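Visitor:
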Amino acid sequence: MVATAHGKVMKVTAPSFHDEALWRKRGSKWTCISAGPVLHWMIGKPYHEVSRYIERKGWRVIWG
């Protein structure tokens, strides 16, 4: 994960979209704190839950 002043940026690419989400560590878990319009559903969700969904969909993730 690439760090910014506010957290870590996740870039997601799929055949029909490209969007980004911002993640921050809360306690021992990474949680999405902000996301673009396509990934808005991620906000408030823990990374382990989102990563399983992304993997099932076959989307590409780049940190940075």
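According to our numbering, the sequence shown is numbered sequentially starting from 998. Ideal Cβ positions, reconstructed from N, Cα and C, are used throughout, including at glycine. Because the structure is a prediction, the values reported are computed rather than measured.
Please determine, among R1021, P1043, K1022 and E1017, the residue with the shortest C-alpha to C-alpha distance to P1034.
Guide: Checking every option, the nearest Cα to that of P1034 belongs to E1017.
Visitor: Whose C-alpha, out of E1052, P1043, H1015 and I1059, is nearest the C-alpha of A1021?
Guide: The sequence shown places Arg at residue 1021, rather than the Ala named in the question. Ranking E1052, P1043, H1015 and I1059 by Cα distance to R1021 puts P1043 first.
Visitor: Checking 8 Å against the spacing of the C-beta atoms, do K1008 and I1040 come in under that value?
Guide: Result no, Cβ atoms of K1008 and I1040 do not sit closer than 8 Å.
Visitor: To which residues of the same chain is R1057 closer than 6 Å at the C-beta, ignoring the five residues directly before and after it?
Guide: T1010, listed in sequence order.
Visitor: Exposed or buried, which one is G1004 when buried takes at least 16 other CB atoms within 10 Å?
Guide: Buried, because 16 or more other Cβ atoms sit within 10 Å of the Cβ of G1004.
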